[in-house]
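Participant: Dropping a structure here in C-alpha cells format, bear with me for questions.
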Amino acid sequence: MKQITGVAPSGSMGSGYNLASFKRAMQAKPDFIGQDAGSTDMGPYYHGADQAFLPLSAYRRDLAVMLAAARAAKIPLMIGSAITNGSNTTLELMIRLVREVAAEQKLSFKLAVISAEIDKAYLKRKIGAGPLESIGPDGILTADTVDAAGPIVAQMGMEPFMRALDAGADVIIAGRACDDAIFAAMPVLRGFAPGLSLHCGKILECAGLSAVPYDLGEPMIGRVYEDHFEVEPGNPDSRCTTVSVAGHSLYERSDPFLQAGPGGINDLTHAEFQQDGRKVQVRGSAYLPDTRYRVKLEAAEKLGYRSIVVVGIRDAVMIAQLDHVLDHARERAEERFGLAQNGINLLFRNYGKNGVMGDLEPDVSHVPKEIGLVIDVVAPDQDTATAVAMFTRGVLQHADYPGILTTAGNMAYPFSPFGIPVGPAYRFSIYHLMPVSEPCECFPIHYEDIKN
C-alpha cells in the first residue's frame with residue numbers, strides 16, 4: 001500500500017526529547033524528519049524583542065541528534081518557525097547552529113533557507129491596495145502600526161517547503177511556518193490528500209501530546225496513506241487512543257471542525273478515528289482551499305517597561321475585602337503618578353482568587369485562605385515602572401481597612417529586592433491576514449551547499 005512516513009522528535013525544539021524513543025521511531029524508516037521550533041505561545045516579548053525563547057545550547061543539542069539521524073538515513077530534515085518567532089534574526093541563529101553542527105559531524109548536504117520576515121515597505125504597499133482583515137487587534141492595520149512594530153513575519157504554508165524539497169534540499173530551515181505545514185509538505189508533494197496530510201501534521205507537530213501518557217518530549221510517528229493516516233508513539237510504553245488523537249485535533253482551535261491555515265481550511269467534520277493497537281487511524285479529513293490565498297502576519301510593538309512586586313497574603317480580614325483595598329491603592333497611585341495621563345498601566349493579579357480568569361471568573365463567592373498578589377506596572381521608562389510598583393506595594397503593606405488587627409503589614413515577600421524590573425514590555429499589534437498572488441510570494445528561498 002502506498003504510504004509516506006514522517007517522524008516528529010518532539011513537540012517543541014529545544015525542550016529535549018527521549019533519545020531511546022527517537023531511535024526506535026527511526027526504525028520505522030521514515031521518509032522525513034519534521035520539527036516545529038517556534039510559536040506565539042511564548043507571548044509578545046520574544047516577537048517584539050526579536051529573541052529566542054530558550055538558550056541556543058538547548059536548540060543545538062536537539063539539532064545535533066536530528067541532523068545526524070537525517071543524514072545517516074539520507075532523508076530530509078525540515079525545521080519551521082526557527083527559532084521562536086521565525087524572524088530573519090532568529091532564523092540566522094539557527095543557520096549558524098546548522099553550520100557549526102555540520103562542521104563538527106563532518107556532514108555535507110544541500111541546505112534551503114526560507115525567510116518569513118516581511119519588508120515593511122512591501123507591507124505598506126499591500127495596505128494601500130486594501131485593508132487587511134484583523135484576527136486579533138482592534139481596528140485596521142495602518143502604516144503607523146507597521147512602523148511601530150518589531151520584525152513582522154508571515155506564517156508560511158506547505159508550498160515553500162514543497163518548492164525546496166522539489167529543488168533537492170536535504171535540510172530545510174524555515175522562518176515562521178504553520179506547524180502542520182512542516183509535516184504535510186512532503187506527503188502533498190508526493191500526491192497524498194492535503195486534508196489527511198495536514199491533519200496528520202496537526203498531530204505530529206506536538207508529538208507525544210497526542211499519546212497516553214502524554215509528553216511533549218516523546219517522539220511521534222505519522223504515516224499517510226491514500227485514504228487515511230495513522231499515528232503511533234515512538235515509545236513502546238505509550239499508546240495513541242481515539243480520545244487522545246481526537247482531543248489533540250481540537251488543540252488551539254476556536255471551531256471543533258474547521259481549522260484555518262495558509263490558503264484554506266481543513267474540514268474535520270467527517271473525520272473518523274479508529275483504534276488499531278497502539279496506533280490510531282484517521283479518515284475523512286478534507287481540505288477546502290480559499291478563493292484567494294492569504295497568510296497570517298504576526299508582530300508586536302513595544303509598550304514601555306515592566307516592573308513587578310510579588311507578595312503573599314494570608315490575612316482573612318484583608319482577603320475578605322481585597323477588592324476594596326486594591327481600589328484604594330489604585331486611587332493613591334493615580335493621585336501620585338497620574339497613571340492614565342502619563343501612559344502608566346497598573347494591574348493586580350490575584351492568584352488564588354481570579355488571577356487567571358480576571359473578570360471572567362465565574363466563582364465569585366469563593367474566599368481563599370491565601371492570595372499570591374502580583375503588582376504589575378508598565379510605564380514609559382523602567383524607573384517610573386519600579387517607582388509605581390513600589391509605591392503601590394507600600395500603600396497595600398500599611399493599608400487601613402475595617403477589622404484590621406495590625407499596622408505592621410499583612411503581606412509576605414518571597415524575594416528581595418521587592419521591586420523587580422522585568423524590562424521592555426510588548427503587545428501583539430499585528431495579527432492580520434494578507435492576500436498574496438501565489439503561496440511563495442513573500443517567502444524567498446536561499447540555497448547553500450554545506451561541504452565538510
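Residue 138 in the working numbering sits at position 138 of the sequence shown, with consecutive numbering throughout. Positions of the beta carbon are idealized from the N, C-alpha and C atoms, including for glycine.
1. Buried or exposed: S197, going by 16 or more other Cβ atoms within 10 Å of its Cβ?
2. On the DSSP letters alone, give me the boundaries of the alpha helix (DSSP H) that I203 sits inside.
3. In chain order, what are the residue ranges of uninterrupted beta strand (DSSP E) at least 3 long that sit wholly in the stretch 267 to 330?
4. Look at the alpha carbon of D255 and the alpha carbon of R292, and state the distance between them as a whole number of angstroms.
5. Is the beta carbon of P151 less than 8 Å from the beta carbon of D62?
6. How about the stretch 99 to 119 and the stretch 388 to 404: do they share at least three Cβ pairs that are nearer than 8 Å?
7. Please report how far the alpha carbon of A412 lies from the alpha carbon of N85, in whole angstroms.
8. Taking the CB atoms as reference points, tell me whether P219 and A37 lie closer together than 8 Å.
9. Is it the case that the Cβ atoms of R163 and L107 are separated by a distance below 8 Å?
10. In the stretch 148 to 225, which residue ranges form an unbroken beta strand (DSSP E) of at least 3 residues, counting only runs that do not cross its ends?
11. Opposite Q35 in the DSSP bridges: which residues?
12. What is the DSSP secondary structure of Q3, counted as helix, strand or coil?
13. Using the rule of at least 16 other Cβ atoms within 10 Å of the residue's Cβ for burial, across every protein chain shown, is V113 buried or exposed?
14. From D130 to P137, what does the alpha carbon distance come to, in whole angstroms?
15. Taking all protein chains shown into account, do 16 or more other C-beta atoms lie within 10 angstroms of the C-beta of T406, making it buried, or fewer, making it exposed?
16. Please tell me whether K29 and E226 are closer than 8 Å, where the distance is taken between their beta carbons.
17. To the nearest angstrom, report how far apart D180 and L204 are at their CA atoms.
18. At a cut of 8 Å, does the stretch 169 to 180 reach the stretch 209 to 219 through at least three beta carbon pairs?
19. When DSSP builds the beta bridges, which residues end up paired with Q259?
20. Check whether the Cβ atoms of P362 and G352 sit closer than 8 Å, and answer yes or no.
21. Three-state secondary structure (DSSP) at S57?
22. Is the beta carbon of M78 sitting closer than 8 Å to the one on G34?
23. Quick one, which of R125, D383 and K202 has its alpha-carbon nearest I308's?
24. List the DSSP bridge partners of A49.
Facilitator: Judging by the given coordinates:
1. buried
2. P194 to L204
3. 272 to 276, 279 to 283, 286 to 289 and 294 to 313
4. 21 Å
5. no
6. no
7. 37 Å
8. no
9. no
10. 171 to 174 and 220 to 225
11. I79
12. strand
13. buried
14. Residue 130 is actually Gly in this sequence, not Asp. G130 and P137: Cα-Cα distance of roughly 17 Å.
15. exposed
16. no
17. 8 Å
18. no
19. N266
20. no
21. helix
22. yes
23. D383
24. Answer is none; A49 lacks a bridge partner.
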